[in-house]
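So for the sequence shown, our numbering puts the first residue at -8; every next one is plus one.
We put the beta carbon where it would ideally sit given N, CA and C, even for glycine.
For clarity, every value in this text was computed on a predicted model and none was experimentally measured.
Beneath this line is the structure, given in structure tokens, with notes to follow.
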Amino acid sequence: MLKKSSNIFTLITANILIATFLLIGCTSTGNSSILSINKISSRTTFENKTADSQMYIRPDNVSIDQAKQLLIEGNKRYVDNKVLTHDISDARRKKLSTDGQKPFAVVLSCSDSRVPPELVFDQGLGDLFVVRNAGNIIDPIALGSIEYGAEHLGAPLIIVLGHEKCGAVKAAIEGGTTSENITAIIYQIKPSYNKTKNKSQNANEIYNLTIDENIKNSMNLINKSLVIQKLTTERKINVVGAKYHMDTGKVTFDIQ
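Have a look at this one:
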């Protein structure tokens, strides 16, 4: 009987010791485990981010240069697959609803589903004022939207974002019969093709040159706006051309 009781006591003691060692081990490595989990789940290391606050919210007021830098850094995160965790909480939505929007950039981009500006530049709610149409072209509606974002919302930067393998540009080059409304889009891009069609014997090179020329054409039309001219003179805004590269996801800036 005493021998049986002794065995039971020994077994209980051993279990207690094992549990104690496990607890000590978990406690001593707890911090490194948290850091490892955070690093994997957030896929980024942002200077102002802590283990208790994973959300990134940009500053409200940025300069022209800062706005461009935010887009450059955001695109790099996108390319590297290290995007930030943006605040899309109820509180964030309510704040934007109550306080209004203050985007730091206006982006004119193509409607192509493969080039969503908010994802390409890794930005969140209220960051970008986006105007999209096939071919990133300028018409009165697009220009009015851009003017609104610049003049009334105070965005210091306008980006004209074209992209490789643009179907609208390809349609303008190839011609053919299509609907009246699609023809109106092609009509806006055709002058860019006419400027580049004799610059090379290579069809793909002409295609890419036309994409660049179409970006520049939209920039020129934006800069002809009296609203934009006034803001530019006051050094309150800048218009920048950019191109998205399909295979890499990288955006090159300063298309001129």
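**Asked** Glu155 and Ile197: beta carbons closer than 8 Å?
**Response** no
**Message:** To the nearest angstrom, how far is the alpha carbon of Gly232 from that of Ile206?
**Reply:** Near 6 Å, if we compare the C-alpha coordinates of Ile206 and Gly232.
**Item:** Cut-off 6 Å between Cβ atoms - residues of its own chain near Gly166, not counting five sequence neighbours on either side
**Value:** none
**CB-CB length for Asn127 against Val151, believed under 8 Å** = 6 Å
**Request:** Answer yes or no: do Ile219 and Lys234 have a C-beta to C-beta separation smaller than 8 Å?
**Result:** Against a cut-off of 8 Å, the Cβ pair of Lys234 and Ile219 comes out as no contact.
**Cβ-Cβ separation, Lys93 to Leu144 (assumed contact under 8 Å), whole Å** = 7 Å
**Asked** What number of angstroms, rounded off, separates the C-alpha of His236 from the C-alpha of Lys221?
**Response** Roughly 33 Å between the two C-alpha positions.
**Asked** Lys67 bridges to which residues according to DSSP?
**Response** In the DSSP output, where bridge partners are listed per residue, Lys67 has none listed.
**Request:** Please determine if the segment 128 to 148 and the segment 73 to 81 are in contact, where contact requires at least 3 C-beta pairs separated by less than 8 Å.
**Result:** no
**Counterpart residues of His272 in DSSP-defined beta bridges** = Residue 272 falls outside the range modelled here, since the chain spans only -8 to 247, and no answer is possible.
**Request:** Compute the beta-carbon to beta-carbon distance between Val98 and Lys241, rounded to the nearest angstrom, for a pair I have assumed lies under 8 Å.
**Result:** Not confirmed; about 16 Å, so no contact.
**Message:** I need the boundaries of the beta strand (DSSP E) containing Thr243, first residue and last residue.
**Reply:** Val242 to Phe244
**Prompt:** Buried or exposed: which applies to Pro50, given that a residue is buried once 16 or more other Cβ atoms fall within 10 Å of its Cβ?
**Reply:** exposed
**Request:** Using a threshold of 8 Å, state whether the C-beta atoms of Leu148 and Ile55 are closer than that.
**Result:** yes
**Item:** Beta-carbon spacing of Lys190, Leu200 below 8 Å
**Value:** yes
**Item:** Delimiting residues of the beta strand (DSSP E) encompassing Ala96
**Value:** Counted as a single uninterrupted DSSP element, the beta strand (DSSP E) harbouring Ala96 occupies residues Ala96 to Cys101.
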